[in-house]
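Peer 1: If you use full-length UniProt numbering, the sequence shown closes out at 194, no skipped numbers anywhere. Ideal Cβ positions, reconstructed from N, Cα and C, are used throughout, including at glycine.
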Amino acid sequence: MSGSSAALQPPADAGKPIRHPDAPAPGELLGAHYEHCFGCGPGQPHGLHLEVRAGEGVSLTAEFTVRPVHQGAPGLAHGGVLAAALDETLGSLNWLLRTIAVTGRLETDFVRPVPVGATLFFSAEVTAVAGRKIYCTATGRVGGPDGPVAVRADALFIEVKVDHFIDHGRREEIQAAMNDPDQIRRTRAFEVNP
Ligand SMILES: CCCCCCCCCCCC(=O)SCCNC(=O)CCNC(=O)[C@H](O)C(C)(C)COP(=O)(O)OP(=O)(O)OC[C@H]1O[C@@H](n2cnc3c(N)ncnc32)[C@H](O)[C@@H]1OP(=O)(O)O
1 MSGSSAALQP PADAGKPIRH PDAPAPGELL GAHYEHCFGC GPGQPHGLHL EVRAGEGVSL
61 TAEFTVRPVH QGAPGLAHGG VLAAALDETL GSLNWLLRTI AVTGRLETDF VRPVPVGATL
121 FFSAEVTAVA GRKIYCTATG RVGGPDGPVA VRADALFIEV KVDHFIDHGR REEIQAAMND
181 PDQIRRTRAF EVNP
């Protein structure tokens with residue numbers, strides 16, 4: 001089964017996404033936006049350690065290898081972990097727009113079981129932008145970038161101001177992230193470049 005709900009259909013007046021002039025070049029690794037992010041942070045021992053590379057336009061590719069800590073059924077990836085990998089992949093697209101945005105809605109199709117040890121090869125793109133709403137889609141394949149589809153998702157991200165994190169995040173982590181000596185990560189977390 002596939003196809004997304006009405007909430008994920010862009011309105012008729014939606015525009016095409018515009019790649020930010022300072023977006024990383026195609027093929028370049030995006031790196032982690034936050035040391036302790038479950039999706040991409042190197043400081044998260046059970047995290048996904050997703051590796052994301054910029055693509056052409058407002059698109060990217062990402063890889064995630066399923067480890068034993070990611071199991072649901074014996075020897076198989078947990079569906080929630082796969083959804084998290086899709087969420088992180090899709091969320092990374094916003095760096096190519098230089099927009100801070102959070103997931104409002106994520107609709108996932110689980111097409112085939114994904115065993116422990118398998119690498120998922122994701123490709124994702126922003127399809128439309130309407131005001132604060134960013135529409136995007138991702139596919140995850142196993143066995144290689146052209147392998148069979150295992151998961152896919154459509155999502156709606158909503159642009160927010162940096163205050164979203166400052167107002168809602170726990171103080172100690174916010175403060176530590178603001179003091180992060182890695183300027184790129186700090187910029188990704190706390191600055192919006194229109
Ligand atoms: C620091 C690192 C950075 C970089 C981070 C990079 C990687 C991030 C990791 C992956 C991403 C995540 O997991 S992010 C974490 C998971 N997500 C969250 O925690 C978000 C929790 N939700 C919220 O905070 C809020 O609901 C918001 C911000 C999404 C929306 O609230 P709001 O700002 O008050 O806006 P609101 O007026 O309600 O909605 C604006 C428009 O969007 C539509 N809209 C809102 N939600 C939905 C929805 N679920 N489904 C359909 N449509 C929706 C509304 O109808 C409206 O349309 P119209 O009337 O204008 O037409």
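Start and end of the beta strand (DSSP E) containing residue 195?
Peer 2: No answer is possible for residue 195: it lies beyond the span of the chain, which begins at 1 and ends at 194.
Peer 1: Please name the residue in Asp22, Leu90, Arg19 and Ala77 whose C-alpha comes closest to that of glutamate 51.
Peer 2: Start at 1 with the first residue of the sequence shown, and residue 51 comes out as number 51. For glutamate 51, the nearest C-alpha among the options comes from Leu90.
Peer 1: From the DSSP output, in three-state form, read off valine 58 for me.
Peer 2: On the sequence shown, position 58 is the one that residue 58 refers to. The answer is coil: DSSP assigns valine 58 none of H, G, I, E or B.
Peer 1: With three or more beta-carbon pairs closer than 8 Å as the criterion, would you say the stretch 153 to 169 touches the stretch 14 to 26?
Peer 2: With the cut-off at 8 Å, the stretch 153 to 169 and the stretch 14 to 26 do not touch.
Peer 1: Distance, Cα to Cα, asparagine 193 vs isoleucine 134?
Peer 2: Start at 1 with the first residue of the sequence shown, and residue 193 comes out as number 193. Start at 1 with the first residue of the sequence shown, and residue 134 comes out as number 134. The predicted model places asparagine 193 with a pLDDT of 48, which falls under 50 and marks its position as unreliable; any figure quoted below should be read in that light. Looking at the two C-alpha atoms, the distance is approximately 16 Å.
Peer 1: Determine the closest residue to leucine 156 out of Asp182, Gly140, Val129 and Val81, with distance taken between C-alpha atoms.
Peer 2: In the sequence shown, the residue the question calls residue 156 occupies position 156. When only C-alpha atoms are compared, the closest one is Val129.
Peer 1: Could you tell me whether any non-hydrogen atom of ligand 1 is closer than 6 Å to the CB of glutamate 125?
Peer 2: Start at 1 with the first residue of the sequence shown, and residue 125 comes out as number 125. No; taking the cut-off as 6 Å, the Cβ of glutamate 125 has no heavy atom of ligand 1 nearer than that.
Peer 1: Whole-angstrom Cβ separation of leucine 96 and alanine 32, contact assumed at under 8 Å?
Peer 2: Within the sequence shown, numbered from 1, the residue matching residue 96 stands at position 96. Within the sequence shown, numbered from 1, the residue matching residue 32 stands at position 32. Contact doesn't hold; Cβ gap of about 16 Å is too wide.
Peer 1: Below 8 Å on the Cβ atoms is my guess for proline 115 versus leucine 60; work out the distance and round it to an integer in Å.
Peer 2: Here residue 115 refers to the residue found at position 115 of the sequence shown. Here residue 60 refers to the residue found at position 60 of the sequence shown. Incorrect: roughly 25 Å between the Cβ atoms, too far for contact.
Peer 1: Who pairs with phenylalanine 122 in a beta bridge, going by DSSP?
Peer 2: Residue 122 sits at position 122 when you count from the first residue of the sequence shown. Answer by DSSP bridge pairing, in chain order: Ala62 and Gly140.
Peer 1: Look up leucine 76 in the DSSP assignment and give the residues it is bridged to.
Peer 2: Residue 76 sits at position 76 when you count from the first residue of the sequence shown. The partner list for leucine 76 (beta bridge, DSSP) reads Pro115.
Peer 1: By a C-beta neighbour count over all protein chains shown, 10 Å radius and 16 as the cutoff for buried, is asparagine 94 buried or exposed?
Peer 2: Stepping through the sequence shown from its first residue, residue 94 is reached at position 94. It counts as buried.
Peer 1: To the nearest angstrom, how far is the alpha carbon of alanine 138 from that of serine 123?
Peer 2: Against the sequence shown, residue 138 aligns to sequence position 138. Against the sequence shown, residue 123 aligns to sequence position 123. Each residue's Cα considered, the two are about 6 Å apart.
Peer 1: Look at glutamate 107 and aspartate 154 and say whether their C-beta atoms are less than 7 Å apart.
Peer 2: As a working note, residue 107 is residue 107 in the sequence shown. As a working note, residue 154 is residue 154 in the sequence shown. Cβ atoms of glutamate 107 and aspartate 154: closer than 7 Å.
Peer 1: Using three-state DSSP, classify isoleucine 134 as helix, strand or coil.
Peer 2: Start at 1 with the first residue of the sequence shown, and residue 134 comes out as number 134. Isoleucine 134 falls in the strand class under three-state DSSP.
Peer 1: What I want to know is whether the C-beta of glycine 147 ends up closer than 6 Å to one or more non-hydrogen atoms of ligand 1.
Peer 2: For the purposes of this step, residue 147 is taken as residue 147 along the sequence shown, with counting starting at 1. Checking the Cβ of glycine 147 against ligand 1 gives no.
Peer 1: Buried or exposed: where does leucine 86 fall if 16 or more other Cβ atoms within 10 Å of its Cβ makes it buried?
Peer 2: Position 86 of the sequence shown, counted from the start, is the residue given in the question as residue 86. Looking at its Cβ environment, which holds 16 or more other Cβ atoms inside 10 Å, leucine 86 is buried.
Peer 1: For valine 162, which three-state DSSP category applies?
Peer 2: Numbered from 1 along the sequence shown, position 162 holds the residue referred to as residue 162. If DSSP states are grouped into helix, strand and coil, valine 162 belongs with coil.
Peer 1: Could you check whether the Cβ of arginine 53 sits closer than 6 Å to any heavy atom belonging to ligand 1?
Peer 2: Against the sequence shown, residue 53 aligns to sequence position 53. Checking the Cβ of arginine 53 against ligand 1 gives no.
Peer 1: Could you pull out every residue in the same chain whose Cβ sits closer than 8 Å to the Cβ of glutamate 173, ignoring the five residues on either side in sequence?
Peer 2: On the sequence shown, position 173 is the one that residue 173 refers to. The residues are His36.
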